[in-house]
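J.: This is the structure, below, for whatever I ask next.
Residue numbers (full-length UniProt numbering), protein chains in the order written: chain S, 1 to 468; chain C, 1 to 468.
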């Protein structure tokens with residue numbers, strides 16, 4: 001080849017690092033910049049897995065994902081009644097169900113240990129928290145992840161057999177999920193407190209709130225949980241950090257039945273419900289779990305159907321597999337703290353509530369929530385950016401949950417591990433923050449960014465399973 | 001002057017009709033179009049009044065308006081208790097208080113006549129609606145505008161002395177306003193029905209809901225009405241067409257006190273409150289009225305402090321004057337109708353609820369309300385345009401009511417008659433629609449555009465008063 005002359009006019013399309021485009025632009029030449037990053041940060045093992053999951057296995061994965069999305073979007077979870085933890089599948093003996101992946105008492109973070117002690121006393125297995133600590137250290141009280149019993153528990157919850165649970169059915173899926181009653185604000189075990197008041201609250205839920213709710217549901221009949229959740233989202237709930245609107249809609253719906261409760265239950269239950277704007281949280285979680293239990297039965301999908309944290313480890317499972325992929329729980333960033341608190345004294349991300357982020361609620365619904373916006377920079381544009389981030393890693397869009405400030409856009413639905421690893425964008429979870437050691441309960445709220453490593457693990461496992 | 005040549009280059013600023021700008025642009029010349037209309041459509045009398053109100057009287061009017069806005073924005077109306085219509089200022093004898101400016105029974109529209117008949121029977125003054133019709137035609141039951149008694153009543157309300165009223169105080173202003181209890185949905189007199197059920201509902205309010213509310217307020221203490229209203233607006237209420245969020249917040253707040261009501265009141269009141277998402281409407285109206293009563297005492301202001309309709313006439317008053325400026329009530333346009341109904345069978349705009357539009361609620365809050373958007377074209381951008389239209393005619397901005405979908409912009413506050421007449425833009429009121437003649441109650445909801453003529457009248461009167 002003979003080069004006779006240099007070109008006297010160039011037009012450039014630059015892919016990737018913008019500095020090259022800047023250099024061309026500085027010379028007065030037209031340039032189109034394409035925003036592009038090396039997938040999976042160039043990790044050759046991950047890139048190989050992505051290549052097969054977007055290549056030879058794409059049809060398999062896409063078909064599986066479509067079915068997962070259908071199940072998540074079309075299922076209609078109904079609150080059908082109440083039961084106790086003793087009734088959940090596989091529960092036996094002197095056991096506490098706890099948030100997150102499996103963990104031993106000694107490895108549990110301080111708030112979760114306190115919650116376990118409070119539950120041990122509330123169950124009557126120990127006279128005080130010191131005795132409870134001894135039982136738990138000796139393994140005389142067994143521990144089991146709530147998720148292993150189709151149950152989801154928020155924050156640092158640990159619950160024994162006497163605790164009442166909400167029973168939520170997804171009739172289409174034939175799945176049933178459970179969540180205990182929300183313990184409310186203040187001096188409560190799910191916030192990592194083990195005071196007398198926290199123990200008394202657990203006993204109150206068993207003796208009073210559970211029976212009241214049983215009577216209400218007997219009279220009111222089954223409740224379409226996500227119909228109320230969807231209204232709540234149009235009223236500014238994200239349904240994770242804020243469930244005020246949905247709780248109030250529920251309160252309104254149940255009001256005549258609350259009024260008809262027998263004297264011994266009515267006034268205390270009304271005080272509990274009227275003072276607890278997070279009552280709906282546990283109900284939304286159980287509804288989400290019932291859908292995920294159905295979606296999680298699909299083989300070959302790249303969608304995450306379990307995501308949970310115990311304050312020490314963060315774990316996920318893909319649909320079609322029962323194996324946890326874990327890594328250390330992240331801190332909660334982008335946070336607002338109560339006066340006198342800060343990141344240095346805060347526990348790590350904790351609770352099963354991240355099931356919401358897998359189901360179009362929480363972070364995916366941030367763009368509709370002025371309350372969440374306050375934690376993300378203050379503007380609704382910041383909140384919209386959080387929803388947009390989920391859109392880059394989700395396989396679909398909810399037709400149930402729509403966001404008025406985003407012109408009724410559906411919330412992103414179904415976290416696709418391929419997209420997560422490809423982009424390095426992980427789910428951001430709107431959540432409360434507990435004190436790391438002092439047992440003082442909630443100290444703030446913020447946004448936890450899920451750690452990438454367990455998503456990469458899950459991706460490699462999926463590729464290996466499909467290659468077999 | 002000698003013209004030696006035509007210019008070979010022109011650049012144009014065109015003010016007013018865009019066709020001139022289009023002509024210049026068509027010739028390839030730069031042009032800036034300034035959107036401008038002849039003030040008051042060129043009406044010389046109105047232009048003269050505007051000239052003086054924006055000229056020699058500007059300082060007087062602006063100072064008065066600033067004080068009106070301060071009173072509207074800073075007053076804190078509290079629900080302090082209940083009373084009956086018999087207790088409101090100036091009430092006497094066998095009288096019904098009705099919506100809107102003064103009107104005789106024969107001139108009242110069909111829904112208001114029916115409401116008056118229902119109230120006459122409910123008060124025990126007649127055995128049935130036929131007898132009531134006779135009493136009302138003969139003037140044996142007197143009629144008085146609710147507004148003349150510091151009372152505001154929504155839609156086609158007519159209420160007699162036995163009806164309970166909410167008592168709302170603006171402590172700073174030393175003003176007290178009243179509104180009856182919302183009658184709820186369905187077969188009810190405020191929707192222009194005079195059936196047995198509608199009459200029975202009025203009796204229920206007097207016998208049961210009123211005493212229940214009295215007991216609740218005795219236990220709960222005073223309520224900061226607009227603190228709840230402001231939360232409701234961030235949750236998608238406009239507080240006129242939709243008060244769901246605010247009603248639910250109130251329900252939650254009062255729940256323990258509802259639960260503590262005596263047996264005879266508790267279950268029926270809970271059924272009434274739980275089934276009435278517009279309960280807060282009357283409370284918001286009374287709060288707005290208490291502020292307007294204070295604001296309305298400022299002399300020389302161009303801000304409208306009374307705006308009301310009786311289905312036949314539409315009337316306003318400026319601050320500092322007690323004289324109605326009226327014109328025929330408009331139809332309700334931009335409407336959605338229940339099946340089988342339409343504009344031809346619908347009554348005209350009716351009710352005292354337009355007090356909300358004067359106080360930063362209703363139309364000014366449309367931009368935050370997905371529910372209102374449905375009536376304005378369906379998109380949040382349409383709803384935002386309704387708020388923007390109010391901004392062009394309002395003298396200020398609420399610091400209390402903010403709209404998340406509009407990045408927390410305050411709602412427009414204080415309708416300035418100068419701006420209304422100057423621009424020809426009148427308030428748009430989000431409201432329900434009643435059947436014009438069949439007594440079938442609500443047939444839809446939509447947006448009524450206030451008629452310009454009464455604003456022009458008020459403007460001329462203000463200019464004349466200031467010229468004196």
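Even glycine gets a Cβ: it sits at the ideal position worked out from N, Cα and C.
Exposed or buried, which one is residue 27 of chain C when buried takes at least 16 other CB atoms within 10 Å?
T.: Exposed is the call here.
J.: Closer than 9 Å, Cβ to Cβ, to anything on chain C: give me those residues from the stretch 128-148 of chain S, in chain order.
T.: Listed by position, the residues of the stretch 128-148 of chain S near chain C (Cβ gap below 9 Å) amount to none.
J.: Candidates S:361, S:333 and S:300: which alpha carbon is nearest residue 348 of chain S's?
T.: Nearest option by C-alpha distance: S:333.
J.: Which class does residue 310 of chain S belong to by DSSP, given the choice of helix, strand or coil?
T.: In the structure shown, residue 310 of chain S sits in a strand (DSSP, three-state: E or B).
J.: Quick check: the stretch 335-349 of chain S against the stretch 294-306 of chain S, are at least 3 beta-carbon pairs closer than 8 Å?
T.: Because the criterion of three Cβ pairs below 8 Å is not met, the stretch 294-306 of chain S and the stretch 335-349 of chain S do not touch.
J.: Please confirm whether residue 207 of chain C has its beta-carbon closer than 7 Å to some beta-carbon of chain S.
T.: No, residue 207 of chain C does not count as interfacial toward chain S.
J.: In chain order, what residues of the same chain have a beta carbon less than 7 Å from the beta carbon of residue 1 of chain S, not counting five sequence neighbours either side?
T.: For residue 1 of chain S, the predicted structure reports a pLDDT of 47, less than 50, and the residue's modelled location is therefore unreliable. A value from the coordinates is still provided. Within the same chain, residue 1 of chain S has no close Cβ partners at all.
J.: From residue 50 of chain S to residue 363 of chain S, what does the alpha carbon distance come to, in whole angstroms?
T.: C-alpha separation (whole angstroms): 25 Å.
J.: Quick check on the DSSP output: the beta strand (DSSP E) that includes residue 144 of chain C runs from which residue to which?
T.: Taken as a continuous stretch (DSSP letters only), the beta strand (DSSP E) holding residue 144 of chain C covers 142-145.
J.: Given this structure, state the Cα-to-Cα distance separating residue 153 of chain S from residue 423 of chain C, to the nearest angstrom.
T.: Each residue's alpha carbon lies about 58 Å from the other.
J.: Please go through the stretch 379-425 of chain C and give each complete alpha helix (DSSP H) segment of 4 or more residues, from N-terminal end onward.
T.: Entirely contained in the stretch 379-425 of chain C, the alpha helix (DSSP H) runs reaching 4 residues are, in chain order, 380-393 and 417-423.
J.: Could you work out which residues of chain S lie near residue 397 of chain C, taking near to mean beta carbons separated by less than 9 Å?
T.: Ordered by position in chain S, no residue passes the 9 Å Cβ test against residue 397 of chain C, which lies about 18 Å from the chain.
J.: By the 7 Å beta-carbon criterion, what residues does the stretch 215-245 of chain C contribute toward chain S?
T.: Per Cβ criterion, the list reads 234, 235, 236 and 245.
J.: Starting from the Cα of residue 209 of chain S, find the closest Cα among S:170, S:257, S:189 and S:272 and give me that residue.
T.: Considering only alpha carbons, the answer is S:272.
J.: Does the separation of the CB atoms of residue 450 of chain C and residue 256 of chain S fall below 7 Å?
T.: No, Cβ-Cβ distance for residue 450 of chain C and residue 256 of chain S is not below 7 Å.
J.: In chain order, what residues of the stretch 347-380 of chain C put their CB closer than 7 Å to some CB of chain S?
T.: Going along the stretch 347-380 of chain C in chain order, one finds 370, 379 and 380 with a Cβ nearer than 7 Å to chain S.
J.: With burial defined as no fewer than 16 other Cβ atoms inside 10 Å of the residue's Cβ, what is the status of residue 316 of chain S: buried or exposed?
T.: Looking at its Cβ environment, which holds 16 or more other Cβ atoms inside 10 Å, residue 316 of chain S is buried.
J.: Is residue 260 of chain C close to chain S? Criterion is C-beta to C-beta, closer than 7 Å.
T.: With 7 Å as the cut-off, residue 260 of chain C counts as an interface residue toward chain S.
J.: Would you mind working out which of C:391, C:367 and C:415 sits nearest residue 405 of chain S, comparing C-alpha positions?
T.: Answer by Cα proximity: C:367.
J.: Among the candidates S:116, S:214, S:180 and S:198, whose CA atom is the shortest distance from the CA of residue 282 of chain S?
T.: Cα-wise, what sits closest to residue 282 of chain S is S:180.
J.: Could you say if the stretch 386-401 of chain S and the stretch 273-280 of chain S meet the contact criterion of at least three C-beta pairs nearer than 8 Å?
T.: Verdict: no, contact absent.
J.: Flag residue 213 of chain S as yes if its beta-carbon sits less than 7 Å from any beta-carbon of chain C, otherwise no.
T.: With 7 Å as the cut-off, residue 213 of chain S does not count as an interface residue toward chain C.
J.: Please list the terminal residues of the continuous beta strand (DSSP E) segment that includes residue 292 of chain C.
T.: First-last for residue 292 of chain C: 279-295, but that is the alpha helix (DSSP H), not the beta strand (DSSP E).
J.: Under the three-state reduction of DSSP, which class applies to residue 149 of chain S: helix, strand or coil?
T.: DSSP places residue 149 of chain S in helix when its eight states are reduced to three.
J.: What residue ranges within the stretch 63-101 of chain S form continuous beta strand (DSSP E) runs of no fewer than 3 residues, ordered along the chain?
T.: Here the runs fully enclosed are 77-84 and 95-98.
J.: Does the beta carbon of residue 447 of chain S sit closer than 7 Å to a beta carbon anywhere in chain C?
T.: For residue 447 of chain S, the answer is no, since every Cβ of chain C falls outside 7 Å of its Cβ.
J.: Checking contacts by CB at 7 Å: is residue 255 of chain S closer than that to chain C?
T.: By this cut-off, residue 255 of chain S is an interface position.
J.: Determine the direct distance from the alpha carbon of residue 445 of chain C to that of residue 174 of chain S, and round the result to whole angstroms.
T.: So the alpha carbons of these two residues sit roughly 41 Å apart.
J.: Can you name the residues of chain S whose CB is closer than 8 Å to the CB of residue 248 of chain C?
T.: Residues of chain S passing the Cβ test: 245, 248, 249, 251 and 252.
J.: Which one of C:79, C:96 and C:80 has the shortest CA to CA distance from residue 86 of chain C?
T.: For residue 86 of chain C, the nearest C-alpha among the options comes from C:96.
J.: At the level of alpha carbons, what is the spacing between residue 448 of chain S and residue 33 of chain S?
T.: Cα to Cα, residue 448 of chain S sits roughly 32 Å from residue 33 of chain S.
J.: Distance, Cα to Cα, residue 462 of chain C vs residue 305 of chain C?
T.: Each residue's Cα considered, the two are about 13 Å apart.
J.: I need the boundaries of the beta strand (DSSP E) containing residue 442 of chain C, first residue and last residue.
T.: Where residue 442 of chain C is concerned, the enclosing beta strand (DSSP E) stretches over 442-449.
J.: Buried or exposed: residue 467 of chain C, going by 16 or more other Cβ atoms within 10 Å of its Cβ?
T.: Exposed.
J.: Drop a sphere of 10 angstroms on the beta-carbon of residue 107 of chain S, count the other beta-carbons inside from all chains shown, and report buried for 16 or more, exposed for fewer.
T.: Residue 107 of chain S is exposed by the Cβ-count criterion.
J.: Assign residue 56 of chain S to one of two classes, buried (16 or more other C-beta atoms within 10 Å of its C-beta) or exposed (fewer than that).
T.: Classification of residue 56 of chain S: exposed, given that the 10 Å Cβ count is below 16.
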